[in-house]
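Protein chains: 2
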Amino acid sequence: MADINQMNKTSPRAQKSLYLRKQDLRRGIELMFFAYRDFTGEADDILSRLGLGRAHHRVIYFVGRQPNMTVSDLLSILKITKQSLSRVLSHLVAEGYIHQEQGARDKRQRLLSLTDKGLVLEEKLTDVQCKRFASAFSACGGDAVAGFQDVLANLINEDERADLRKRYPDLFE
Amino acid sequence: MADINQMNKTSPRAQKSLYLRKQDLRRGIELMFFAYRDFTGEADDILSRLGLGRAHHRVIYFVGRQPNMTVSDLLSILKITKQSLSRVLSHLVAEGYIHQEQGARDKRQRLLSLTDKGLVLEEKLTDVQCKRFASAFSACGGDAVAGFQDVLANLINEDERADLRKRYPDLFE
DNA sequence: TATTATTGGTCAACATGGCTGACATAAATC
DNA sequence: GATTTATGTCAGCCATGTTGACCAATAATA
Chain S
19 MADINQMNKT SPRAQKSLYL RKQDLRRGIE LMFFAYRDFT GEADDILSRL
69 GLGRAHHRVI YFVGRQPNMT VSDLLSILKI TKQSLSRVLS HLVAEGYIHQ
119 EQGARDKRQR LLSLTDKGLV LEEKLTDVQC KRFASAFSAC GGDAVAGFQD
169 VLANLINEDE RADLRKRYPD LFE
Chain Z
19 MADINQMNKT SPRAQKSLYL RKQDLRRGIE LMFFAYRDFT GEADDILSRL
69 GLGRAHHRVI YFVGRQPNMT VSDLLSILKI TKQSLSRVLS HLVAEGYIHQ
119 EQGARDKRQR LLSLTDKGLV LEEKLTDVQC KRFASAFSAC GGDAVAGFQD
169 VLANLINEDE RADLRKRYPD LFE
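Protein chains in written order, with our numbering: chain S, 19 to 191; chain Z, 19 to 191.
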């Protein structure tokens, strides 16, 4: 596989679908890199001014999305160790962004939710990211958005996709 | 903006395009998070067994894509500090993944290219990521791929997009 | 030619956010 | 009563970003 691009040009019979050529797959890799970087950039700036990082953002985002979730829930979404999460979560609780209360059914559980302060920050962060998406979506139209969602969903590991489908039924339409 | 979803349901006159509702924008955020994590996961595993990280991957990838690029070129693509790059790049040179030679036009420049060892690793890493894209693209079809590319391109900062268009004319079709 | 700007390297220090391992505790469950 | 589960905590390591300071070689220019 010295040069698949070359192959595609010189050997019509080996021609793949237009979107499965090596150059198209590489474009996917590159677009993901650049888009993800800019997608997170603005929020990172806001966070850094507050002494917070991207890890804090993830916690705030997912707790905001699903109030009263447990630490376990969060761990299985973020797929990091509890020690890593603990550091970030403790900080957010200490700074008053996150409120935790004992679970009723299982008293060991800490049910996590955003405080008012946390909610304000969550809205601010989600807002800048949503604006970016709104702008991109508007520029591309509904069919492109559907394709975007479809491809991203299929980039997710299959088992993880099944888990997510259960947890967030509306994530995949 | 207590609850835009609620608003969309209860106030038909405030209804936005189907793909610009808050829930759709949030879906974009979430899909990006999960897809990016899994997109990088396999490569990260390969790299960690070699004592390398994602930062090394980026260098290997972009040097592989554009041999004989300079350190400056790489810095403006990766958008990290030269000190950060230096650490990673020195390591890759020491480990024999990257070859550097003095620039002919400007003797200060180090022109970077992959060694045979570097090329082997680059192909292995690119291959696992390309396979993921090939699988996702196949599952979704060409229209979805076009939409995917279109949306990602529009998520990139406008000025950056212009720069990229000059550097990699084929990145945006 | 002398000065300035560019390209790049280096050293030191620090922060974030992953990781592992070990151990503690309370509550639920078998 | 014993075991499993949910969670916390402490200690340390590693990768990868940051800033600031400073140096050297080369290129461009006044």
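Every residue, glycine too, gets a C-beta built ideally from N, C-alpha and C.
Checklist entry - Looking only at C-alpha atoms, which of Arg150/S, Val89/S, Arg185/S, Val106/S sits nearest to arginine 128/S? => result The candidate whose alpha carbon is nearest that of arginine 128/S is Val89/S.
Item to check | Euclidean distance between Cα positions of lysine 184/Z and valine 169/S | outcome: So the alpha carbons of these two residues sit roughly 27 Å apart.
Next on the checklist: What residue range does the beta strand (DSSP E) around leucine 130/Z cover?
Outcome noted: Segment 128–132, the beta strand (DSSP E) holding leucine 130/Z.
Checklist entry - Is the CB-CB distance between leucine 49/Z and glutamine 118/S below 9 Å? => result Going by C-beta atoms, leucine 49/Z is not nearer than 9 Å to glutamine 118/S.
Checklist entry - What is the DSSP secondary structure of glutamate 60/Z, reduced to helix, strand or coil? => result In the three-state reduction of the DSSP assignment, glutamate 60/Z falls in the helix class, which pools H, G and I.
Next on the checklist: Per the DSSP calculation, glutamate 119/S is bridged to which residue(s)?
Outcome noted: Beta bridge pairing from DSSP links glutamate 119/S with Leu129/S.
Checklist entry - What are the residues of the region 47–63 of chain S that lie near chain Z, defined by any Cβ-Cβ distance shorter than 8 Å? => result Correct list: Ile47, Glu48, Leu49, Met50, Phe51, Phe52, Ala53, Tyr54, Arg55, Asp56, Phe57, Gly59.
Next on the checklist: Under DSSP, the alpha helix (DSSP H) around glutamate 113/S begins and ends at which residues?
Outcome noted: In the DSSP assignment, glutamate 113/S falls outside any alpha helix (DSSP H), carrying neither H nor E.
Checklist entry - So is valine 106/S buried or exposed if we call it buried at 16+ other beta carbons inside 10 Å? => result With 16 or more neighbouring CB atoms inside 10 Å of its own CB, valine 106/S falls in the buried class.
Checklist entry - How big is the Cα-Cα spacing for proline 187/Z and glutamine 84/Z? => result Their backbone Cα atoms lie some 13 Å apart in a straight line.
Checklist entry - When you compare only the Cα positions, how much space is there between alanine 157/S and arginine 126/S? => result Those two C-alpha atoms are separated by around 48 Å.
Item to check | Neighbourhood of leucine 65/S by C-beta distance below 8 Å, restricted to the same chain and skipping five residues each side | outcome: Gly71, Arg72, His74, His75, Leu143.
Checklist entry - Using a beta-carbon distance below 9 Å, is cysteine 148/Z in contact with chain S? => result Yes, cysteine 148/Z lies at the interface with chain S (some Cβ there is under 9 Å from its Cβ).
Next on the checklist: For glycine 160/S and serine 35/Z, what's the separation of their Cα atoms in angstroms?
Outcome noted: When rounded, the distance between both Cα atoms is 8 Å.
Checklist entry - Would you report the Cα separation of serine 108/S and tyrosine 115/S, rounded to the nearest angstrom? => result Cα to Cα, the separation comes out at about 10 Å.
Checklist entry - For a contact meaning CB atoms closer than 7 Å, what does alanine 171/S contact in chain Z? => result Per Cβ cutoff of 7 Å: Leu49.
Checklist entry - Given a limit of 9 Å on CB to CB distance, which residues of the region 153–166 of chain S reach chain Z? => result For the region 153–166 of chain S, which is checked against every Cβ of chain Z, the residues closer than 9 Å are Ser153, Ala154, Phe155, Ser156, Ala157, Cys158, Gly159, Gly160, Asp161, Ala162, Val163, Ala164, Gly165, Phe166.
Next on the checklist: Taking the alpha helix (DSSP H) that isoleucine 78/Z belongs to, which residues open and close that run?
Outcome noted: Start and end: 72–83.
Next on the checklist: What does the alpha-carbon distance come out to for the pair serine 29/Z and leucine 38/Z?
Outcome noted: For serine 29/Z, the pLDDT reaches just 47, beneath the cut-off of 50, and the residue's location in the model is therefore unreliable, although a value from the coordinates is still provided. When only Cα atoms are considered, serine 29/Z and leucine 38/Z end up about 15 Å apart.
Checklist entry - From arginine 150/Z to leucine 173/S, what distance separates their C-alpha atoms? => result If you take the alpha carbons of arginine 150/Z and leucine 173/S, they lie about 6 Å apart.
Next on the checklist: Between cysteine 148/Z and leucine 139/S, how many whole angstroms is the CB-CB distance? I'm expecting something under 8 Å.
Outcome noted: Actually they are not in contact, since the Cβ atoms of cysteine 148/Z and leucine 139/S sit about 38 Å apart, beyond 8 Å.
Checklist entry - isoleucine 78/Z and leucine 132/Z: beta carbons closer than 9 Å? => result Yes, these two residues count as a Cβ contact at 9 Å.
Next on the checklist: Please classify glycine 136/Z as buried or exposed, where buried requires at least 16 neighbouring CB atoms within 10 angstroms.
Outcome noted: Counting the other Cβ atoms within 10 Å of the Cβ of glycine 136/Z gives 16 or more, which makes it buried.
Item to check | When Val163/Z, Arg67/Z, Gly59/Z, Leu110/Z are compared against glycine 82/Z, the one with the closest alpha-carbon | outcome: Distances from the CA of glycine 82/Z to each of Val163/Z, Arg67/Z, Gly59/Z, Leu110/Z were compared; the closest alpha carbon is that of Leu110/Z.
Checklist entry - CA-CA distance, leucine 189/S and arginine 179/S? => result Approximately 10 Å, taken between the alpha carbons.
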